[in-house]
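188 is the number of the first residue of the sequence shown in my numbering; add one for each residue after it.
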Amino acid sequence: MVHADRLLNTPESGAVHQATNNSVLFEYKDAQDLVDVFQGKKAGHVYSRSSSGSNVALQNILTHLEGGVGAITFATGMAAITATMFSLFKAGDHLIVSHFLFGNTRSFTETMQSMGIELSFVDVTDVQNVKAAFKTNTKAVYLETIANPVTQVADLRAIGQLCESRKALFLIDNTMTPPNIFDANAVLASLTISSLTKYIAGHGNVLGGSVVDTGLFDWSSFDNILPIYRGPDQTQWGLTQIRKRGLRDMGGTLSPDSAHAISIGLETLVMRTEKVCENAMRLASYLHSHDKVSAVYYPGLADHPQHFLAREYFDGYGGILSLDLADDIDPIQFLNALDLVICATHLGDTRTLALPVASTIYFESSAQQRQEMGVNDKMIRMSIGIEDIDDLVADFEQAFAEF
Ligand SMILES: *Cc1c(COP(=O)(O)O)cnc(C)c1O
188 MVHADRLLNT PESGAVHQAT NNSVLFEYKD AQDLVDVFQG KKAGHVYSRS SSGSNVALQN
248 ILTHLEGGVG AITFATGMAA ITATMFSLFK AGDHLIVSHF LFGNTRSFTE TMQSMGIELS
308 FVDVTDVQNV KAAFKTNTKA VYLETIANPV TQVADLRAIG QLCESRKALF LIDNTMTPPN
368 IFDANAVLAS LTISSLTKYI AGHGNVLGGS VVDTGLFDWS SFDNILPIYR GPDQTQWGLT
428 QIRKRGLRDM GGTLSPDSAH AISIGLETLV MRTEKVCENA MRLASYLHSH DKVSAVYYPG
488 LADHPQHFLA REYFDGYGGI LSLDLADDID PIQFLNALDL VICATHLGDT RTLALPVAST
548 IYFESSAQQR QEMGVNDKMI RMSIGIEDID DLVADFEQAF AEF
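Next comes the structure, spelled out in structure tokens:
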């Protein structure tokens with residue numbers, strides 16, 4: 188994986204890192220070559236909104252890592268999600284969407300609905316709910332592997348099989364479970380969408396997003412692909428339409444410098460996530476037995492409602508761990524009592540982060556929406572980092588001692 192950026196691009200003059208080139212334009216000595224690249228008959232770059240060397244290098248790593256047939260990178264995870272949705276679906280289409288979504292994705296679903304895309308929200312922890320929501324115009328199922336903040340785990344393989352039999356796209360946001368933890372091919376995903384900002388880049392210093400095609404979906408059964416994007420290689424139809432409509436036309440391009448920064452972060456993905464999962468499991472066990480905590484949400488705990496699903500699908504239970512404080516403890520005061528743990532909204536960082544959930548990321552949601560997502564007022568969400576576990580436990584000990 189560490190070497191995958193060299194698969195197509197030969198670094199110049201022995202440089203091990205792919206050179207970051209910020210040129211927006213690319214000169215062609217022979218005008219015919221420019222024409223051929225424009226028409227997709229030859230590989231190359233024409234304008235950096237559509238492609239650039241640093242982006243292609245990162246896309247190669249992601250394709251390799253996911254075992255897919257191609258990748259597209261975007262300026263942010265939200266750019267990847269919105270570009271994918273708006274380039275593949277149109278008014279009159281129906282999508283089945285998880286109840287438990289990242290807050291901004293949830294907010295974006297309202298924009299989709301306002302443009303005539305019909306959505307059904309379901310509890311994806313049980314495939315029967317998804318089955319019941321299928322209609323004749325259902326084009327896709329969209330969900331997240333481990334939901335944030337309550338850590339519900341989707342019934343992934345059963346939903347994948349259902350999508351396959353109904354010829355619907357299976358779109359998985361796997362931000363919480365990067366490819367070293369979760370094999371999207373094994374659950375028959377069509378496209379995986381990821382916020383590279385989180386575990387992939389890992390250090391809270393760069394934004395990015397991606398879409399990877401696993402190669403499992405039969406695009407010839409999807410009538411929204413425009414004739415001009417139906418090239419000889421059918422596996423590329425979906426990505427071609429997303430690249431042209433979603434990236435080139437909508438313009439959420441990842442800058443070459445950011446692509447390079449993400450590639451560097453990615454080199455330590457496996458080591459970081461192993462440590463994160465180990466820390467999270469130990470902290471979850473500690474908090475679970477603490478009398479000042481009324482509930483812990485972590486898929487690695489044996490009493491988590493979808494623990495058996497998580498054990499089947501993931502190689503490690505991820506770094507998101509939420510908890511409900513005992514009734515007499517105010518979440519704001521408790522967060523202020525923590526010293527090492529940083530109060531910040533972000534996740535997938537090397538540092539352990541925490542925030543009160545209801546009053547921040549879900550403050551725009553109605554009480555009913557929060558209830559559907561399993562969010563209550565006492566909840567604190569944490570993203571576990573790579574610190575020494577003893578330091579983390581000690582920080583909680585001293586904070587609990589104040590209450
Ligand atoms: C953060 C996040 C996103 C959005 O990614 P950005 O890079 O912040 O735009 C999408 N989905 C999930 C699950 C996320 O955690």
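Just so you know, even glycine gets a beta-carbon here, dropped at the ideal spot from N, CA and C.
- One residue list follows from the rule of a beta carbon closer than 7 angstroms to any heavy atom of ligand 1, given in chain order as T263, G264, M265, A266, I268, F289, N291, T292, E331, N335, D360, T362, M363, S382, L383, T384, K385, L394, G395, G396, L534.
- Between F357 and Y500, the C-beta gap is not smaller than 8 angstroms, which leaves the two residues out of contact.
- Put simply, of E589, F409, V340 the residue whose alpha carbon is nearest the alpha carbon of F495 is V340.
- Classified as exposed, I415 has fewer than 16 neighbouring CB atoms from the shown chains inside 10 Å of its CB.
- Inter-residue distance for M468 and D536 is about 17 angstroms (C-alpha atoms, whole angstroms).
- In this model, G303 and G402 are separated by some 29 angstroms (Cα to Cα).
- In the structure shown, the three-state DSSP call for H494 is helix.
- D502 is classed as exposed because its beta carbon has fewer than 16 other beta carbons within 10 Å across all chains shown.
- In this structure E589 is exposed. Its beta-carbon is surrounded by fewer than 16 other beta-carbon atoms within 10 angstroms.
- For P443, DSSP assigns no beta-bridge partner whatsoever.
- The C-beta of I519 has fewer than 16 other C-beta atoms within 10 Å across all chains shown, which makes the residue exposed.
- The straight-line gap separating the alpha-carbon atoms of T298 and L275 is approximately 15 angstroms.
- As the crow flies, the alpha-carbon of L282 is around 10 angstroms from that of T296.
- The Cβ-Cβ distance between S445 and G391 does not fall below 8 angstroms.
- Using a C-beta cut-off of 8 angstroms, the segment 461-478 makes no contact with the segment 305-319, since fewer than three inter-stretch Cβ pairs fall below that distance.
- K318: member of the alpha helix (DSSP H) spanning 314-320, first to last residue.
- Here T312 is buried. Its C-beta has 16 or more other C-beta atoms within 10 Å.
- Taking one beta carbon from each stretch, the segment 372-383 and the segment 250-270 have 3 or more pairs nearer than 8 angstroms; the two touch.
- Boundaries of the beta strand (DSSP E) harbouring S481: 480-484, taken from the DSSP string.
- Looking at the DSSP output, S307 bridges to I283.
- Around the beta-carbon of L413, fewer than 16 other beta-carbon atoms lie within 10 Å, marking it exposed.
- Put simply, the backbone Cα of R430 is about 32 angstroms away from that of M458.
- Contact between R344 and V374 is confirmed by a C-beta separation of about 5 angstroms, below the 8 angstroms threshold.
- In the three-state scheme derived from DSSP, where H, G and I count as helix and E and B as strand, F590 is classed as coil.
- In this structure, DSSP gives I507 an extended state, which the three-state scheme calls strand.
- By DSSP's assignment, G257 forms a beta bridge with D400.
- Judged by beta-carbon spacing, L426 lies beyond the 8 angstroms limit of D405, meaning their Cβ atoms are not closer than that value.
- Straight-line spacing of the CA atoms in I387 and V463 works out to 13 angstroms.
- The three-state secondary structure of F276, taken from DSSP, is coil.
- When DSSP states are grouped into helix, strand and coil, Y329 belongs to the strand group.
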